[in-house]
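Colleague: I have a structure I would like to understand better, so I am pasting it below and will then ask my questions one at a time.
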Amino acid sequence: LARCGCILHHYPENILMPGERRPSLVKSKGIQDLTLCERDILTDALRTNSITVQHITADNAHRAIMASHEPIICGEAPEYDSQNLHGRHAFLNGRINRKGLPRR
330 LARCGCILHH YPENILMPGE RRPSLVKSKG IQDLTLCERD ILTDALRTNS
380 ITVQHITADN AHRAIMASHE PIICGEAPEY DSQNLHGRHA FLNGRINRKG
430 LPRR
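If you want this note's numbering, it's the position in the sequence shown, counting the first as 1, plus 329.
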């Protein structure tokens, strides 16, 4: 994504982000780490265009993404009853934070 200058927006809240590990597994195995229910949610989000792709053309913005100053995946806002106040951001270096969209 980052090398192509793309950012994903509205990644589903309760689905593992790419590179994120499930606590019960020793190492990440990509999509296989997701439960069948999680795969269905992700598939549905892709089918209904809930997840959007933004193409970045500005050199400064692309450099910020490549340097992990800007996220490559922006998660959707958590539900109103979630314990999390903000959605997730995933960066090229693998870091994930909770500084995304505010809770609904």
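Cβ coordinates follow ideal geometry from the N, Cα and C atoms, glycine included.
Please classify Tyr340: is it buried, with 16 or more other beta-carbons within 10 angstroms of its beta-carbon, or exposed?
Modeller: Against the sequence shown, residue 340 aligns to sequence position 11. With 16 or more Cβ atoms within 10 Å of its Cβ, Tyr340 is classed as buried.
Colleague: Mind reading off the beta-carbon distance from Glu507 to Glu342? Whole number of angstroms is fine, and I expect it under 8 Å.
Modeller: A query on residue 507 cannot be resolved here, the shown segment of the chain reaching from 330 to 433 and no further.
Colleague: How many angstroms separate the CA atom of Thr377 from the CA atom of Phe420?
Modeller: Taking the sequence shown and counting its residues from 1, the one referred to as residue 377 is at position 48. Taking the sequence shown and counting its residues from 1, the one referred to as residue 420 is at position 91. Rounded to the nearest angstrom, the two C-alpha atoms are 25 Å apart.
Colleague: When you compare only the Cα positions, how much space is there between Ser411 and Arg432?
Modeller: The residue given as residue 411 occupies position 82 in the sequence shown. The residue given as residue 432 occupies position 103 in the sequence shown. When rounded, the distance between both Cα atoms is 8 Å.
Colleague: Output the boundary residues of the alpha helix (DSSP H) element that contains His391.
Modeller: Within the sequence shown, residue 391 is the residue found at index 62, counting from 1. Segment Asp388 to Met395, the alpha helix (DSSP H) holding His391.
Colleague: Quick one: Cα of Arg351 to Cα of Ala393, how far?
Modeller: One-based indexing of the sequence shown puts residue 351 at position 22. One-based indexing of the sequence shown puts residue 393 at position 64. Each residue's Cα considered, the two are about 28 Å apart.
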